Amino acid sequence: MSSLSLKKVEKIYPGGVKAIQSMNFDIKDGEFVVLVGPSGCGKSTMLRLIAGLEEITKGEIYIDDELVNDKEPADRDIAMVFQNYALYPHMTVFENMAYGLKNRKIKKEKINELVNEVAKTLELSDLLLRKPKALSGGQRQRVAMGRAIVREPKVFLFDEPLSNLDAKLRVQMRLEIKQLQERLGVTSIYVTHDQIEAMTLGQRLVLMEKGRIEQIGTPIEVYEYPSSIFVASFIGSPPMNLVKGKMIRKSELELNGGLVIKSESFEDFDIDKQITIGVRPEHIVLNKKAECSIKVNTHNFERQGADSFIYGTVLNREDKIIARVPHDYDYKNHKTIDFHFDYTNMHCFDSNTGLRLL
Ligand code: ADP
């Protein structure tokens with residue numbers, strides 16, 4: 004087990020793409036951290052820099068206080084699990100799992116012992132003589148993890164390991180990975196663009212955008228106090244509703260659609276300042292009045308089992324808005340409905356910088 008520290012890490016690819024811009028963060032011994040963000044934000048690059056598969060342009064990477072910038076990947080004691088599993092097709096499950104140990108000249112008896120032990124943990128004992136092509140997707144993924152675990156690495160890196168699996172298996176493997184990581188207590192970094200995976204797996208999330216960190220925090224912190232419009236709209240499904248507005252008088256904000264919100268908390272904002280208000284779909288109520296209400300032209304209704312969602316636009320027909328309602332809500336199409344919400348569940352952002360204000 005190990006801690007990991009990144010100090011002002013930068014990566015510019017040949018050709019000039021600035022994939023990582025001065026990233027700083029520390030990961031504690033045994034912690035499970037998820038790097039999450041849209042495609043192209045630099046997640047895989049970050050993992051590859053930590054693994055040593057790419058050279059960093061600037062900055063320092065420490066594993067257990069040891070600078071590893073110039074260490075070869077094989078000497079960093081890191082195991083990586085990829086989305087395409089990267090198993091050797093001509094080798095059995097046992098040989099795949101034993102491969103890294105053989106290369107390290109570990110004795111045959113010891114290899115047998117280690118592989119069998121890990122196979123037991125991952126329920127692979129009956130499959131050890133099979134080749135990868137005779138395994139299901141989930142089993143292949145488990146072999147890839149087994150191969151990483153037998154090496155007893157200091158750090159695990161997961162690069163979107165579940166993206167090739169179907170939805171049901173993805174949920175199952177997600178739970179397995181979480182339990183396994185808790186049991187083994189190995190410091191882990193997990194890359195995904197899937198915010199549900201990020202929310203459920205990570206003890207802490209690192210939200211990335213355009214090679215920079217937007218926010219670091221526990222899943223609940225990030226959900227309840229998104230630091231920017233970007234984070235607010237990335238985490239949460241359906242995403243947070245965002246309605247634009249402008250300060251019209253001292254402490255008075257007028258939203259698109261005409262709703263004027265008066266609040267002392269707006270006191271310090273200049274007249275004409277552009278403000279965006281965020282409200283999560285579950286914080287909108289229809290049947291009982293709250294502090295604020297906004298008229299919404301509704302145009303769609305979707306039942307998703309336990310919950311249903313109403314889709315609409317604020318009266319100006321520009322800002323989209325979604326409300327979560329009970330599954331048996333009686334929806335009449337194309338109606339104008341009052342959506343209510345209160346101050347405690349309202350987020351406030353600067354429309355120009357995108358940053359959280361309150
Ligand atoms: P993510 O994993 O978040 O999808 P990547 O780390 O793969 O993002 O990519 C970050 C940026 O770096 C992208 O703009 C991508 O096109 C660029 N990039 C990735 N690999 C290379 C490479 N080998 N050479 C040049 N540019 C690259």
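If you're matching positions, the sequence shown starts at 4 in the working numbering and goes up one per residue. Each residue gets a CB set at the ideal place from its N, CA and C atoms; glycine is no exception. Bear in mind that the values here come from a model prediction, so they are computed numbers and not experimental data.
Inter-residue Cα distance where the pair is Leu131 and Met100: 9 Å
Span separating the alpha-carbon of Ile313 from that of Ser254: 31 Å
Per-residue DSSP class, three states only, for Tyr346: Tyr346: helix per DSSP, three-state reduction.
Own chain partners of Phe161 with C-beta closer than 6 Å, once the 5 adjacent residues on each side are dropped: Val84 and Tyr193
Alpha carbon of His330 to alpha carbon of Phe304, nearest angstrom: 11 Å
Cβ-based neighbour list, Gly281, same chain, cut-off 6 Å, excluding 5 preceding and 5 following: Ala235, Met243, Leu245 and His350
DSSP three-state assignment for Glu305, whether helix, strand or coil: Strand.
Backbone CA spacing between Lys247 and Ile199 [nearest angstrom]: Approximately 27 Å between the Cα atoms of the pair.
Nearest-angstrom Cα separation, counted from Glu57 out to Pro17: Between Pro17 and Glu57, the C-alpha separation is close to 11 Å.
Start and end residues, alpha helix (DSSP H) containing Phe312: Unbroken run through Phe312 is the beta strand (DSSP E), Asp310 to Val317; no alpha helix (DSSP H).
Same chain, Cβ closer than 6 Å to Leu125, neighbours up to 5 away in sequence not counted: The residues are Arg145 and Gly149.
Under the three-state DSSP convention, the category Lys123 falls into: The three-state secondary structure of Lys123, taken from DSSP, is helix.
Meets three-Cβ-pair contact criterion under 8 Å: the region 214-223 and the region 290-310: No, they do not touch.
Arg186 versus Leu52: straight-line alpha-carbon distance, rounded: Distance between the alpha carbons of Arg186 and Leu52 is about 27 Å.
Beta strand (DSSP E) runs contained entirely in the region 133-183, provided each spans 3 or more residues: 158-162
Other residues of its chain near Leu50: CB distance less than 6 Å, five sequence neighbours each side excluded: Excluding positions up to five away in sequence, the list reads Leu160, Asp162 and Val194.
Alpha carbon of Ala22 to alpha carbon of Lys10, nearest angstrom: 16 Å
Rounded C-alpha distance that separates Lys14 from Ile264: 45 Å
Proximity test, Tyr334 beta-carbon vs the ligand ADP heavy atom, cut-off 7 Å: no
Contacts around Lys31, its chain only, beta-carbon distance under 8 Å, and the 5 residues preceding and following it disregarded: Ser6 and Thr190
heavy atom of the ligand ADP below 7 Å from Val84 C-beta: no
Pro271 - DSSP class collapsed to helix/strand/coil: Note that residue 271 corresponds to Asp in the displayed sequence, not to Pro. The answer is coil: DSSP assigns Asp271 none of H, G, I, E or B.
Exposure of Asp333, with buried meaning 16 or more beta-carbon neighbours within 10 Å: Under this definition Asp333 is an exposed residue.
Same chain only: Cβ atoms within 8 Å of Gln362, ignoring 5 sequence neighbours per side: Any property of residue 362 remains undetermined from this structure, which presents the chain solely from 4 to 361.
Lys61 burial status per 10 Å Cβ neighbour count (16 or more: buried): exposed
Identity of the residues DSSP links to Lys21 by a beta bridge: Ile15
Simplified DSSP assignment, three categories, for Pro329: The answer is strand: DSSP assigns Pro329 an E or B state.
Distance between Ile340 and Lys292 (C-alpha atoms, nearest Å): 12 Å
Distance cut-off 7 Å: Cys295 Cβ against heavy atoms of the ligand ADP: no
Pocket of the ligand ADP defined by Cβ to heavy atom distance under 5 Å: Tyr16, Val20, Ala22, Ser42, Gly43, Cys44, Gly45, Lys46, Ser47 and Thr48
Proximity below 8 Å, CB of Gly357 to CB of Ser231: Contact flag set, yes.
Environment of Leu178 [buried if 16+ CB atoms lie within 10 Å]: With fewer than 16 other Cβ atoms within 10 Å, it is exposed.
Residue from Arg327, Thr48, Thr347 and Gly141 with nearest C-alpha to Gly214: Thr48
Own chain residues within Cβ distance below 8 Å of Val20, not counting five before or after: none
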